[in-house]
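Single-structure report; data block below.
There are 2 protein chains.
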Amino acid sequence: MATTIRDVAEAAGVSAMAVSKVLHGTGATVRVSDETAKTIRRVAAELRYQPNRLARNFRQQKTNTIGLVFAHFARIGEYDGYFAALLNGVLTATFQSDFGLTICPELTESSSHGMINDGRFDGLLWCKPGFSEEGRESIQRSAMPIVMMHAPDGYGPSVPRFCCDNSQGLQLAIDHIVGLGHRKVAFVIDPYNHTTAEGRTRANAFHAAMAKHDLATTDSDVLFWSVACSELSEFMTRLDRHTALVVFSERHAVSLLRTADTLGINIPNELSIVGFDSSAICEATRPRLTAISQPIEQMAFDATKALISYIEAESFPSRSFIYPCGLDIRDSTACLPSRS
Amino acid sequence: MATTIRDVAEAAGVSAMAVSKVLHGTGATVRVSDETAKTIRRVAAELRYQPNRLARNFRQQKTNTIGLVFAHFARIGEYDGYFAALLNGVLTATFQSDFGLTICPELTESSSHGMINDGRFDGLLWCKPGFSEEGRESIQRSAMPIVMMHAPDGYGPSVPRFCCDNSQGLQLAIDHIVGLGHRKVAFVIDPYNHTTAEGRTRANAFHAAMAKHDLATTDSDVLFWSVACSELSEFMTRLDRHTALVVFSERHAVSLLRTADTLGINIPNELSIVGFDSSAICEATRPRLTAISQPIEQMAFDATKALISYIEAESFPSRSFIYPCGLDIRDSTACLPSRS
DNA sequence: TTGAAAGCGCTACCAA
DNA sequence: TTGGTAGCGCTTTCAA
Chain V
1 MATTIRDVAE
11 AAGVSAMAVS
21 KVLHGTGATV
31 RVSDETAKTI
41 RRVAAELRYQ
51 PNRLARNFRQ
61 QKTNTIGLVF
71 AHFARIGEYD
81 GYFAALLNGV
91 LTATFQSDFG
101 LTICPELTES
111 SSHGMINDGR
121 FDGLLWCKPG
131 FSEEGRESIQ
141 RSAMPIVMMH
151 APDGYGPSVP
161 RFCCDNSQGL
171 QLAIDHIVGL
181 GHRKVAFVID
191 PYNHTTAEGR
201 TRANAFHAAM
211 AKHDLATTDS
221 DVLFWSVACS
231 ELSEFMTRLD
241 RHTALVVFSE
251 RHAVSLLRTA
261 DTLGINIPNE
271 LSIVGFDSSA
281 ICEATRPRLT
291 AISQPIEQMA
301 FDATKALISY
311 IEAESFPSRS
321 FIYPCGLDIR
331 DSTACLPSRS
Chain A
341 MATTIRDVAE
351 AAGVSAMAVS
361 KVLHGTGATV
371 RVSDETAKTI
381 RRVAAELRYQ
391 PNRLARNFRQ
401 QKTNTIGLVF
411 AHFARIGEYD
421 GYFAALLNGV
431 LTATFQSDFG
441 LTICPELTES
451 SSHGMINDGR
461 FDGLLWCKPG
471 FSEEGRESIQ
481 RSAMPIVMMH
491 APDGYGPSVP
501 RFCCDNSQGL
511 QLAIDHIVGL
521 GHRKVAFVID
531 PYNHTTAEGR
541 TRANAFHAAM
551 AKHDLATTDS
561 DVLFWSVACS
571 ELSEFMTRLD
581 RHTALVVFSE
591 RHAVSLLRTA
601 DTLGINIPNE
611 LSIVGFDSSA
621 ICEATRPRLT
631 AISQPIEQMA
641 FDATKALISY
651 IEAESFPSRS
661 FIYPCGLDIR
671 DSTACLPSRS
């Protein structure tokens, strides 16, 4: 059997408490002399003592682990650059604070509430919340520290939020597009994302940004798009009125580029496209994709750090943190073609 | 305080054991009547009893969690499609088996050995092992079930391995390239990956595959490549002898496409490029990238399932599982240009 | 078919 | 500056 703290205590001729104090620094009331401490450390090393993490977790009812929750979990491939950036940010933060990270792929089942609330996590980083009834209830009932990403104000319960400034981001894109002379612009989104908080926010922001240029838009300027190729072609042929598209995600935008190529539509000369989430893939396409950027990795890092300090009760950030977007202008946008 | 099993027992007028048996199905020697069981379940629901996962972990010295270890952890962005596919496979498997997944970003520090061996994981999925001294020792000392991915036979300790058939994959690529008339082919890899088991295996496989066509290669046909742009240009200008490149990863291949574009080199008419790991990004580039594919998601799924069954002692797979590669021929390869 | 007792390894609390 | 005691919530073992 593995060496326990008591084995060490016995071998060193001290109490288990002294060992605990020396090796783990717990127990504020316990003082140990330097000499005793040295002996304890030596004996522990000799005995190859390995603290049992499970016992500590149990005793302290703390795991030093946070859960990364994807509500309405979709396959990760969909997120691509986004997910990598997110994970880099989260992992950097957890690693710095000696926290573990567990990925929670599902939360739609009713059983999930129990699974995330059974003590395995000290806190939750909730991404892309869809705010289903179950999700909402889960959050409300949970006593666990929670931080949300990509949930604009006004959606869901009152927890700290880390979100990009969708309005400002879309304004950047629209300013750029309109500055190039475009007047008929569409916002493209898939039906699922249009049900999410972020999807609705971006759609609204699109209308608002157009209005700032005194350009009227209607619901019919929000185009729904799905993955099926046949529909994609149909979709493109429906575009005769529009000369520019702002697309909910860069993945969708890349698909549109390919479809346009197939249909012989020249991007950007016949149609301008702007994506959301500027990532590596935007550099790989031809033409390179103009895209709105958000500092995902930084946001994920900050959100995780905030969650951890929340857990450790050092601070209680309860407000929204809004990150400004950028616009990476590449080659998929150009001046309005002169209509002959 | 939270409701405990004893609270439920008391309220139901039974012993804690009976509750444990009914709610968690443990304790083979205990029999409970249907009636009692129903009462217990009712009372537990009324009291909103939530089993304490930490206590169970502790008691059973089992966490139902596996660790996903990246030796020599690099930023995830580097892996892109690879990492997403990997994670999808692993998560599907863990989810099916009610296991949790924790990401371990670092293992190079000496302290890591303790961190992964302190009971928090029931097993380890070790990806991209670099086999440093520490890593090797870690594995050897650990009593934990371990499964490796991307570690060809002959590298590292004897644990179950899940690896693609690098030889066959490179043979596919070389057959294709040589079939197009190319005779001077180079293998491109970055210095770091050339130190990994998989990197060396692929380089060797390249030589072997060329030899099958009676085409002699030397070490100078393995070209080292680094990210710095200036070196990239230099690199391309060094290629006068070669008419085709087989590239260690698709990320590198995409960069080469861009550099070629900058330098005015026409792909595929002046230079053919084949990447390793056919992924979404290969479809997004122009020209689309011909690439060797490996079933990463399936491999990750199988590896995880094997690890879990290993943990649960249902089976002990101790052999290598080799997956055949495919070749997705796209637009970055073409017939040898006629030299004027 | 049921219960009682003991203890997993650690640390909070109190006593010396 | 130190040690003893108790107990976290659960399950294994043994007794009824």
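Those sequence lines, one after another, are chains V and A.
Numbered according to this note's numbering, the first sequence spans residues 1 to 340.
Numbered according to this note's numbering, the second sequence spans residues 341 to 680.
Even glycine gets a Cβ: it sits at the ideal position worked out from N, Cα and C.
| task | Please state whether DSSP places residue 558 of chain A in a helix, a strand or coil. | result | It is coil, neither helix nor strand.
| said: Within a Cβ cutoff of 8 Å, which residues of the same chain sit near residue 627 of chain A, ignoring the five residues on either side of it in sequence? | reply: Same-chain partners within the cutoff: 597, 607, 608, 670, 671 and 672.
| For residue 403 of chain A, which residues in chain V fall below 8 Å Cβ to Cβ? | Per Cβ cutoff of 8 Å: 54.
| So is residue 110 of chain V buried or exposed if we call it buried at 16+ other beta carbons inside 10 Å? | With a pLDDT of only 48 at residue 110 of chain V, under 50, the local geometry of the prediction cannot be trusted, and the value read off the model is given with reservation. Exposed, since its Cβ has fewer than 16 Cβ neighbours within 10 Å.
| field | Within chain V, the residues that residue 607 of chain A reaches when beta carbons sit closer than 7 Å | value | Per Cβ cutoff of 7 Å: no residues; residue 607 of chain A is ~11 Å from chain V at best.
| Among A:401, A:428 and A:494, which has the Cα closest to the Cα of residue 639 of chain A? | Ranking A:401, A:428 and A:494 by Cα distance to residue 639 of chain A puts A:428 first.
| request: Report buried or exposed for residue 493 of chain A, applying the criterion of at least 16 other Cβ atoms within 10 angstroms of its Cβ. | output: Under this definition residue 493 of chain A is an exposed residue.
| When we look at the beta-carbon of residue 675 of chain A and count the other beta-carbons within 10 Å, is it buried (16 or more) or exposed? | Exposed.
| Paired residues, beta bridge with residue 666 of chain A - DSSP | Answer is A:633.
| request: Give the DSSP bridge partners of residue 360 of chain A, in chain order. | output: Bridge partners of residue 360 of chain A according to DSSP: none are assigned.
| said: Across the segment 241-250 of chain V and the segment 175-192 of chain V, are there enough close Cβ pairs to call them in contact, namely three or more that are closer than 8 Å? | reply: With a cut-off of 8 Å, the segment 175-192 of chain V and the segment 241-250 of chain V count as touching, because enough Cβ pairs lie within range.
| query | Listing by chain order, which chain A residues have their CB less than 8 Å from the CB of residue 353 of chain V? | reply | Since the first residue of chain V shown is 1 and the last is 340, residue 353 of chain V is not available in this structure.
| field | CB contact check: residue 624 of chain A to chain V, cutoff 8 Å | value | Taking a beta-carbon distance threshold of 8 Å, residue 624 of chain A counts as an interface residue toward chain V.
| task | Specify, as a first and last residue, the run of the alpha helix (DSSP H) that residue 622 of chain A falls within. | result | In the DSSP assignment, residue 622 of chain A falls within the alpha helix (DSSP H) that extends over 620-624.
| said: Below 8 Å, how does it come out for the segment 3-14 of chain V and the segment 45-55 of chain V: are there three or more Cβ pairs, yes or no? | reply: With three or more CB-CB distances shorter than 8 Å, the segment 3-14 of chain V counts as touching the segment 45-55 of chain V.
| request: Would you verify that the beta carbon of residue 326 of chain V is, or is not, closer than 8 Å to some beta carbon of chain A? | output: With its beta carbon at least 8 Å from every one in chain A, residue 326 of chain V lies outside the interface.
| query | Just to confirm, are residue 512 of chain A and residue 546 of chain A a CB contact at a threshold of 8 Å? | reply | Contact flag unset, no.
| In chain A, which residues lie less than 7 Å from residue 254 of chain V when you measure between Cβ atoms? | Within 7 Å Cβ-Cβ: 624.
| task | Report whether the distance from the Cβ of residue 614 of chain A to the nearest heavy atom of the ligand NAP is below 7 Å. | result | Annotation note on the ligand NAP: not contained in the displayed structure, which lists no ligands.
| field | Residues near residue 364 of chain A by beta carbon distance below 6 Å, same chain, minus five either side | value | Within the same chain, no residue comes within 6 Å of residue 364 of chain A by CB-CB distance, once the 5 residues on both sides are set aside.
| task | Express the C-alpha separation of residue 193 of chain V and residue 186 of chain V in angstroms, rounding to a whole number. | result | Taking the Cα positions, residue 186 of chain V is about 16 Å away from residue 193 of chain V.
| message | Looking at chain V, is there any beta carbon in it that lies within less than 8 Å of the beta carbon of residue 441 of chain A? | response | Closer than 8 Å to the CB of residue 441 of chain A there is at least one CB belonging to chain V.
| query | How would you list, in chain order, the residues of chain A whose beta-carbon sits under 7 Å from the beta-carbon of residue 83 of chain V? | reply | One finds 424 in chain A with Cβ atoms closer than 7 Å to the Cβ of residue 83 of chain V, taken in chain order.
| What three-state label does DSSP hand residue 99 of chain V in the structure shown? | DSSP places residue 99 of chain V in coil when its eight states are reduced to three.
| message | Can you list, in chain order, the residues of its chain with a C-beta nearer than 8 Å to that of residue 15 of chain V? Leave out the 5 residues immediately preceding and following it. | response | Sequence-distant Cβ neighbours of residue 15 of chain V in its own chain, meaning closer than 8 Å and more than five residues away, are 9.
| Which of helix, strand or coil DSSP assigns to residue 486 of chain A | Strand, per DSSP.
| DSSP beta-bridge partners for residue 243 of chain V? | For residue 243 of chain V, no pairing in a beta bridge is given by DSSP.
| field | For residue 65 of chain V, the first and last residue of its enclosing beta strand (DSSP E) | value | 65-70 is the span of the beta strand (DSSP E), which, as asked, contains residue 65 of chain V.
| request: With a 10 Å radius around its C-beta and 16 neighbouring C-beta atoms as the bar for buried, classify residue 214 of chain V as buried or exposed. | output: Exposed: under 16 other Cβ atoms inside 10 Å.
| Nearest to residue 402 of chain A by alpha carbon, out of A:379, A:490, A:439 and A:430? | Minimum Cα distance to residue 402 of chain A is reached at A:439.
| query | Three-state secondary structure (DSSP) at residue 159 of chain V? | reply | Shown here, residue 159 of chain V sits in coil according to DSSP, grouped into three states, outside any helix or strand.
| query | Among the residues of its own chain, which have a CB less than 6 Å from the CB of residue 467 of chain A, if the five just before and after it don't count? | reply | For residue 467 of chain A, same chain residues with a beta-carbon under 6 Å away, outside a window of 5 residues either side, are 410 and 489 in chain order.
| request: In angstroms with no decimal places, state the Cα-to-Cα distance between residue 102 of chain V and residue 461 of chain A. | output: Answer to the nearest angstrom: the Cα atoms are 12 Å apart.
| message | Taking 8 Å as the threshold (C-beta atoms), are residue 407 of chain A and residue 617 of chain A in contact? | response | In terms of Cβ geometry, residue 617 of chain A and residue 407 of chain A do not form a close pair [threshold 8 Å].
| In this structure, does DSSP put residue 271 of chain V in helix, strand or coil? | Reduced to three states, the DSSP call for residue 271 of chain V is coil.
| N- and C-terminal bounds of the alpha helix (DSSP H) containing residue 514 of chain A | Residues 506-519.
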